[in-house]
Structure formats: structure tokens, C-alpha cells
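Colleague: First the structure, then my questions, so here it is.
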Amino acid sequence: MNPKTIARDGVNSMLGAFNLKLVRRKAYYADYRDYIPLQEMVDGAQQAGMSVGDYIDTRHNVPGATQATIDQMAALGAFNTKIDRVCEIGPGSGRYLEKIVQAYRPSYYEIYETADEWADWLIEKYGVTRQPADGTTLAATPSNSIDLVHNHKVLPGQPSVVILRYFLEMMRVVRKGGKIAFDIVTEDCMRDDIVDAWLSTGAGYQHYPCLVPKQFTIDFFCSRGFSFDGDFLIPMKPGMTNYLLFTKVESV
Ligand SMILES: C[S@@+](CC[C@H](N)C(=O)[O-])C[C@H]1O[C@@H](n2cnc3c(N)ncnc32)[C@H](O)[C@@H]1O
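Using numbering that gives the first Met the number 0, count along the sequence shown one by one with no gaps and you end on 251.
Dropping the structure here:
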């Protein structure tokens with residue numbers, strides 16, 4: 000038996016007297032389908048006197064990045080349509096959801112989230128509908144039924160084929176005149192200094208950050224009945240991520 004196991008068993012036999020047991024803390028930043036630990040974020044936000052979203056921005060990215068994203072989406076017309084039925088993939092803590100619900104009061108907000116504890120929390124806090132997330136499709140959502148489908152920092156962690164599947168699914172579920180907004184890591188996000196930062200910090204893991212060509216993505220949507228509304232960059236430490244927005248012109 001290895002020394003760590005012997006030590007753990009020794010501690011556990013002492014803790015057993017108090018009905019306690021030592022368990023290994025789940026490592027985060029190991030599997031992209033998990034998210035940062037909920038309780039740690041909720042407690043940290045409370046201690047800092049911040050909302051959970053603002054706390055996550057401050058601790059894990061750049062303060063104000065979430066609001067800047069919403070503002071830039073608005074500038075590109077993401078909300079210039081009826082926003083009554085929204086679908087979000089991988090909302091995590093709901094930091095974007097919170098702002099959209101507050102500003103546009105959609106009557107229906109569904110999520111596809113792989114991290115159970117955050118999904119449960121969002122159901123309780125915002126009354127969202129959780130759809131079964133298989134990690135690649137929006138299978139529970141009818142075609143042409145959604146006004147806005149969006150996601151943030153989700154596609155950069157997926158393999159390229161999963162990204163393509165999610166592209167096609169977003170195209171399917173959004174209604175004519177509806178909007179799609181998402182971020183991917185394109186060539187615009189990979190200046191030399193940023194490449195160095197990804198390599199030197201060791202911040203990447205699994206497929207993250209998966210590089211997807213921007214022009215390919217624009218062509219992928221525009222050849223399937225969508226117009227390109229524009230793009231912008233937002234910090235995603237230690238680099239940047241590229242938001243792209245589209246409007247459905249024809250039903251596909
Ligand atoms: C980096 S976090 C971003 C969370 C949130 N969108 C934000 O920006 O604060 C990625 C989120 O996507 C979820 N996720 C990862 N892979 C997924 C997949 N294939 N389908 C749906 N959700 C996924 C994770 O559980 C996590 O909540």
C-alpha cells in the first residue's frame with residue numbers, strides 16, 4: 000500500500016470516531032464539463048459583498064467583463080427583437096442569464112448545463128427550465144422556437160466537431176429573425192503575446208482553448224440562412240475570446 004493511502008486510512012480511522020471521513024477534493028480545471036465549485040463562489044461572493052457573477056468576473060477574469068459583453072451584444076443588435084424565449088448552453092453561475100432576465104424579462108429561459116450543482120442552483124434562483132444536456136445537442140428544443148440562443152466561454156472548451164454540432168443545433172432551434180451569440184477562440188485571439196501567455200501559464204487543459212477559424216465560422220452560418228451581425232473581443236484570461244453574432248434570415 001502506498002504511504003498516502005496508509006496516512007489517509009489512519010486519519011479516516013480517527014475521524015471515524017466522529018462519523019467523519021477524509022475525501023479527496025474534486026480538482027477543478029480538470030474536466031470542462033464541470034464548473035468551478037459552487038459553495039466556494041457563493042461564500043466568496045458573500046464575504047466580498049458582491050453578486051456571484053461579479054465575484055467570478057473579479058476572481059477568474061476581468062472585473063466588468065460580463066457587463067461589457069452584454070453591452071457589446073446590445074450594440075450589435077442582439078436584443079433588437081422580441082426576447083421572450085431564450086436558450087443558453089453552459090450558463091454556469093448564470094452571470095449573463097442574470098443580466099438578460101433583469102433587462103428583458105423573458106417568459107421562458109431554458110438551459111443545457113452539464114454541471115449538476117450549478118444547474119440546480121439556477122433552477123432554484125431563477126426558475127429556469129433545465130433541458131437534458133448530452134454535451135452536443137439541443138435535442139429537447141423544438142426547431143424554430145427560440146428568440147435568442149447564446150453561450151459564453153463554453154465552445155472554447157469543446158473539440159471542434161462538438162463545436163460544429165452545437166453550431167447546427169443553435170441554427171435549428173432559433174426562429175426566423177431570432178439571434179445567435181457565442182464566443183470562440185479565433186485567430187484574432189491568438190496574437191503572439193497571447194499564445195505565449197497560454198503556453199507559459201499552463202491555463203489550457205483538455206481541448207481548451209480550441210482554435211476555430213473566424214472566416215470559416217462566418218461562412219458556415221451565412222451559407223445556411225444567417226446574416227453576420229458583427230464580432231468583438233472580450234478578455235478570457237490569460238487571453239481573449241471572440242464573440243460572433245448572427246440573425247436567422249431564412250428558416251432552415
Ligand atoms: C468556463 S464555464 C463558463 C460558464 C458561464 N457561461 C460563464 O461564462 O460564466 C463552461 C460552462 O459550460 C458547461 N459545459 C461544459 N461543457 C459543456 C457541454 N458540452 N454542453 C453544455 N454545457 C457544458 C460547464 O459546466 C460550465 O458551466
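All C-beta atoms in this analysis are idealised placements derived from N, C-alpha and C, irrespective of residue type, glycine included.
Collect the residues with a C-beta less than 7 Å away from any heavy atom of ligand 1 and give them in sequence order along the chain.
Modeller: Having a Cβ closer than 7 Å to some heavy atom of ligand 1 are 31, 32, 33, 34, 55, 88, 89, 90, 91, 92, 94, 95, 111, 112, 113, 114, 117, 132, 134, 135, 150, 151, 152, 153, 156, 157, 161.
Colleague: Just tell me which of 82, 81, 100, 198 has its CA closest to the CA of residue 126.
Modeller: Of the candidates 82, 81, 100, 198, the one whose C-alpha sits nearest the C-alpha of residue 126 is 100.
Colleague: To which residues does DSSP link residue 128 through a beta bridge?
Modeller: Answer by DSSP bridge pairing, in chain order: 109.
Colleague: Can you list, in chain order, the residues of its chain with a C-beta nearer than 6 Å to that of residue 128? Leave out the 5 residues immediately preceding and following it.
Modeller: So the qualifying residues of the chain are 109.
Colleague: Leaving out five residues before and five after residue 139 in sequence, what residues of the same chain have Cβ atoms less than 7 Å from its Cβ?
Modeller: If we look at residue 139 and ignore the five residues flanking it on each side, its Cβ neighbours are 130, 131.
Colleague: Taking the DSSP output, what are the residues bridged to residue 182?
Modeller: For residue 182, which the question treats as bridged, DSSP gives the partners 242.
Colleague: Pair every Cβ in the segment 48-62 with every Cβ in the segment 215-224, then say whether three or more of these pairs are closer than 8 Å.
Modeller: Contact between the segment 48-62 and the segment 215-224 is absent, because fewer than three Cβ pairs lie under 8 Å.
Colleague: Are residue 183 and residue 169 close, meaning C-beta to C-beta below 9 Å?
Modeller: In this structure, residue 169 does not lie closer than 9 Å to residue 183 by Cβ.
Colleague: Assign residue 59 to one of three DSSP states: helix, strand, or coil.
Modeller: Reduced to three states, the DSSP call for residue 59 is helix.
Colleague: State the Cα-Cα distance for the pair residue 177 and residue 247, rounded to the nearest angstrom.
Modeller: Distance between the alpha carbons of residue 177 and residue 247 is about 6 Å.
Colleague: Output needed for residue 228: all residues of its chain with C-beta closer than 7 Å, excluding positions within five of it in sequence on either side, in chain order.
Modeller: Closer than 7 Å at Cβ, skipping near neighbours: 75, 76, 244, 245, 246.
Colleague: Jot down the residue ranges of each uninterrupted alpha helix (DSSP H) in the segment 161-238, minimum 4 residues, whole runs only, in chain order.
Modeller: If we require 4 residues or more, the alpha helix (DSSP H) runs fully inside the segment 161-238 come out as 191-200, 213-221.
Colleague: Which residue marks the beginning of the beta strand (DSSP E) containing residue 96, and which one marks its end?
Modeller: First-last for residue 96: 94-103, but that is the alpha helix (DSSP H), not the beta strand (DSSP E).
Colleague: Return yes when the Cβ of residue 105 is within less than 9 Å of the Cβ of residue 82, no when it is not.
Modeller: Yes, the pair counts as a contact, with Cβ atoms nearer than the cut-off.
Colleague: Where does residue 112 land, buried or exposed, given buried means 16+ other C-beta within 10 angstroms?
Modeller: Result: buried.
Colleague: Could you pull the start and end residues of the beta strand (DSSP E) that residue 82 belongs to?
Modeller: Element bounds for residue 82: n/a, residue is neither H nor E.
Colleague: Sort 205, 193, 73, 79 by Cα distance to residue 236 and report the nearest one.
Modeller: Nearest of 205, 193, 73, 79 to residue 236, Cα basis: 193.
Colleague: Classify residue 153 as helix, strand or coil using the three-state DSSP reduction.
Modeller: Here residue 153 sits in coil by DSSP.
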